[in-house]
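Participant:
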Amino acid sequence: MASYHRVLRVFDRTVKDKNVECDCDIHSWEILINGQRWFGKIRLIGFVDVFFLICYSTNDRFEHGIIIYKEDEVICDTLVAANRSAEDLGLDFVNKKEVEGKKGVAKKYFNFIDEAGNLDYIITSLGHEVDLRTDYSPSELRKFEIRLRRTNDPHWKGPIHRGIAQHTVPELMHDAIRYGIISNAEMTARIMGHFAGGTHTEDTMRKWASAISGGNVGHSAMA
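This is how it looks when you write it as structure tokens:
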């Protein structure tokens, strides 16, 4: 099997991308994925909009891995493009009070629990397994619950949190400046309109929608 870096490139990602938030090893006893424990070396590679969990061996040899989507807009559009329903996948929306009795309020499915006194972060979202394929079936989309033990390493605490959590509007504004995505003059109008224009999030959404519908976008395609 090839290096996990080749798997990342299938998704147009590298560990040198501007929007990499964390790229670190996770001990197998520190993480549960849908109640299961992976054995071997585990790499957490977090971006602004998604994160990867990759099991690898000597010389970065890829063994298996998953991608988890963090942006609700991408999650919703991916479900629509794949003709899958969140209910069928057991994926609950977390903003029930906002949605009930109101029209035009989008459902939010990404759930991140970070409670004081809890030893673990708990992430629930949409994802699927990854490998070197460029085609994926809509049936491979799954709900994932990930329990990740909080790190005691002050150097990695912030990067890991940013890598697995959804970014708030102030954080997205900071991201826009940090990554040079949009100019200061455009920032308010475009970010408050939900962070448009040239981001990995928009690119992911566009590629998934096009790929699932049969378009040739140079990205992993659902077939």
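Our numbering puts the first residue of the sequence shown at 91, with every later residue one more than the last.
Every residue gets a Cβ at the ideal spot worked out from N, C-alpha and C, and that includes glycine.
1) Could you pull out every unbroken beta strand (DSSP E) segment of at least 3 residues lying fully inside the stretch 142-197, listed in chain order?
2) Using the Cβ count rule (16 or more neighbours within 10 Å means buried), how would you classify F129?
3) Between the C-alpha atoms of H245 and K192, what's the straight-line distance to the nearest angstrom?
4) With DSSP collapsed to three states, give me the class of V97.
5) Let me know if V97 comes out buried or exposed under the rule of 16 or more other beta-carbons within 10 Å of its beta-carbon.
6) Is it the case that the CB of Y94 approaches a heavy atom of the ligand NAD more closely than 7 Å?
7) Quick one: measure Cβ to Cβ for H218 and V138, integer angstroms, because I've assumed they're closer than 8 Å.
8) Looking at E111: is its Cβ nearer than 8 Å to the Cβ of P228?
9) With a Cβ-Cβ cutoff of 8 Å, do F101 and I144 count as a contact?
Facilitator: Let's see:
1) DSSP runs (the beta strand (DSSP E)) wholly in the stretch 142-197: 151-159.
2) By the 10 Å Cβ count, F129 comes out exposed.
3) Between H245 and K192, the alpha-carbon positions lie close to 43 Å from each other.
4) Three-state result, V97: helix.
5) So V97 ends up on the buried side.
6) The ligand NAD is not part of the structure shown, which contains no ligands of any sort.
7) H218 to V138, Cβ: 19 Å. No contact.
8) Cβ distance not < 8 Å, so E111 and P228 don't count as in contact.
9) One thing to note: F101 has its Cβ no nearer than 8 Å to the Cβ of I144.
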